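Participant: The structure that follows is given in the form of structure tokens.
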Amino acid sequence: MNAYKFAAIDIGSNAVRLLVSNVFENGAQVTFKKQSLVRVPIRLGADAFLTNQIPVDKENQFLSAMHAFKHLLDVYVPVKTRAIATSAFREAKNGAEIVDRVYNETGIKIEIVTGKEEAEVIYANGLRENMDADKSYLYMDVGGGSTELTFFKNHQALTSKSFNIGSIRLLMDMVSDDDWSDMKQWVKDISAQSPTGLSLIGSGGNINKYCKLLMKEYGEPLNPSEIFHLYKRLKSMSTEERIQQLFLNPDRSDVIVPAGKIFTSVMKWSGAETAFVPKIGLSDGVVKMLYDQMKLAKAFV
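Last residue of the sequence shown? That's 307 in our numbering, and every number before it is there in order.
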């Protein structure tokens, strides 16, 4: 059996994550197993979306997190590490400057990816394993700053689009009616290409939490009405009630409602009959891509 270790750093609008994963090869069988996941709720998007700038205090917090991640990487010693920054860094005018500072101080190289590149990384995380070949699916990843949507038919990703509609943007009232209209029209156009109906596949911290609150196993089919009723219940509660009664972390207790609005809206527009939450995300996609790249490089040696 061969064993490899990879690390992924996901720099999102709401939180920054370090995932360390082991990959085991046993003949033709390949198994991915998470070894460590560290999540730091810095919420970079709160300022980046409002002022197009990451302020000094958030920058320093972020640098502290990167230094901590560097120490962990020195301990875990992965074969390869990849760090990806998404919506908040895309909009921050000082994003490139902070990326340079992180590299100079820690040696960690951060890539600021486009919405399309973000969707491609998410797609790499083994979505095919959760799909039937003869069905159509709409995959959505809801983040703090953006939502990535990809339409799959016959195991093929036919089209995808990134929308600047995210839980933090909604929380800050920074999503226009035009933004909603654009997403609605895109989803309806996609749904028209699947007259027999489609299923939804969701990823991201918020939909994972919905799945947990519904006491469902990851990957178990969810009825859209279940998600809608939970969304209405969460919306009727105060932030404090969500923390005290549902034991949500403070940085999750506020964004879980706007994220629910995005999910329920897309489910309604698409007419999705079923929703799946396989508990996969950007970090998992990064690890999968790193492993595939390593195998490809070895094949040409």
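Backbone N, C-alpha and C fix where the C-beta goes; we use that ideal spot for every residue, glycine too. It should be emphasised that the depicted structure is a prediction, and the values quoted were computed from it without experimental measurement.
What's the gap between the Cα of residue 97 and the Cα of residue 240?
Facilitator: Roughly 30 Å between the two C-alpha positions.
Participant: Here's a check: name, in chain order, each residue in its chain whose Cβ is nearer than 6 Å to the Cβ of residue 248, leaving out the five neighbours to either side.
Facilitator: Hits under 6 Å: 254, 259.
Participant: Measuring alpha carbon to alpha carbon, tell me which of 115, 175, 111 ends up nearest residue 13.
Facilitator: When only C-alpha atoms are compared, the closest one is 115.
Participant: Identify the continuous beta strand (DSSP E) that holds residue 28 and give its terminal residues.
Facilitator: That run of the beta strand (DSSP E) goes 22–32.
Participant: What does residue 36 pair with, by DSSP beta-bridge criteria?
Facilitator: BP columns for residue 36 point to 31.
Participant: Anyone know if the C-beta pair for residue 203 and residue 154 falls short of 8 Å?
Facilitator: Their beta carbons are not under 8 Å apart, which means residue 203 does not touch residue 154 by this criterion.
Participant: Report the three-state DSSP secondary structure of residue 88 (helix, strand or coil).
Facilitator: Note: residue 88 maps to strand in three-state DSSP.
Participant: When the cut-off is 8 Å and only beta carbons count, does residue 173 lie next to chain D?
Facilitator: This model lacks chain D altogether; it includes just one protein chain.
Participant: Would you call the CB atoms of residue 265 and residue 178 closer than 8 Å?
Facilitator: Not closer than 8 Å, so no.
Participant: Here's a check: name, in chain order, each residue in its chain whose Cβ is nearer than 6 Å to the Cβ of residue 286, leaving out the five neighbours to either side.
Facilitator: Counting only Cβ-Cβ distances below 6 Å, and skipping sequence neighbours, we find 131, 209.
Participant: Please go through the same chain and pick out, in chain order, the residues whose beta-carbon is closer than 6 Å to the beta-carbon of residue 293, but skip the five residues on each side of it.
Facilitator: Once the five neighbours on either side are set aside, the close Cβ partners of residue 293 are 12, 14, 27.
Participant: Do residue 150 and residue 187 come within 8 Å of each other at the CB atom, strictly closer than that value?
Facilitator: No. Outside cutoff.
Participant: With 16 as the cutoff for other CB atoms within 10 Å, does residue 307 come out buried or exposed?
Facilitator: Summary for residue 307: the model assigns pLDDT 47, below 50, so the residue's position carries little reliability, and this model does not support an answer.
Participant: What separation, rounded to the nearest whole angstrom, lies between the Cα atoms of residue 81 and residue 229?
Facilitator: Using only the alpha carbons, I get a separation of about 43 Å.
Participant: Who does residue 249 pair with in a DSSP beta bridge?
Facilitator: Paired residue(s): none; residue 249 is not in a bridge.
Participant: According to DSSP, which residues form a beta bridge with residue 147?
Facilitator: According to DSSP, residue 147 bridges with 154, 209.
Participant: Please classify residue 49: does DSSP put it in a helix, a strand, or coil?
Facilitator: Three-state DSSP puts residue 49 in coil, outside helix and strand.
Participant: Just to confirm my understanding: we take residue 46, look at its own chain, exclude 5 residues before and 5 after, and list those with CB closer than 7 Å. What are they?
Facilitator: Excluding sequence neighbours, residue 46 sits near 21, 22, 71.
Participant: Alpha carbon to alpha carbon, how far is residue 118 from residue 104?
Facilitator: The straight-line gap from Cα to Cα measures roughly 11 Å.
Participant: At what residues does the alpha helix (DSSP H) containing residue 164 begin and finish?
Facilitator: From DSSP, residue 164 is part of no alpha helix (DSSP H) but of the beta strand (DSSP E) over 162–169.
Participant: Can you give the beta carbon distance from residue 94 to residue 50, rounded, assuming they're within the 8 Å contact cut?
Facilitator: Contact holds; Cβ gap of about 4 Å.
Participant: In angstroms, rounded to a whole number, what distance separates the CA positions of residue 205 and residue 274?
Facilitator: Computed Cα separation, rounded: 12 Å.
Participant: Would you decide whether residue 291 is buried or exposed? Buried here means 16 or more other CB atoms lie within 10 Å of its CB.
Facilitator: It counts as buried.
Participant: Could you tell me which residues DSSP puts in a beta bridge with residue 44?
Facilitator: DSSP lists 24 as partners of residue 44.
Participant: If you draw a straight line from the C-alpha of residue 282 to the C-alpha of residue 83, how long is it?
Facilitator: So the two alpha carbons sit approximately 34 Å from each other.
Participant: Any idea what DSSP makes of residue 200, helix, strand or coil?
Facilitator: Note: residue 200 maps to coil in three-state DSSP.
Participant: If distances are taken between C-alpha atoms only, which option among 30, 56, 127 comes closest to residue 89?
Facilitator: Taking only the C-alpha atoms, the option nearest residue 89 is 127.
Participant: Output needed for residue 142: all residues of its chain with C-beta closer than 7 Å, excluding positions within five of it in sequence on either side, in chain order.
Facilitator: If we look at residue 142 and ignore the five residues flanking it on each side, its Cβ neighbours are 158, 159, 200, 204.
Participant: Closer than 7 Å by C-beta to residue 32: which residues in its own chain qualify, once you throw out the five before and the five after it? Chain order, please.
Facilitator: Correct list, in chain order: 7.
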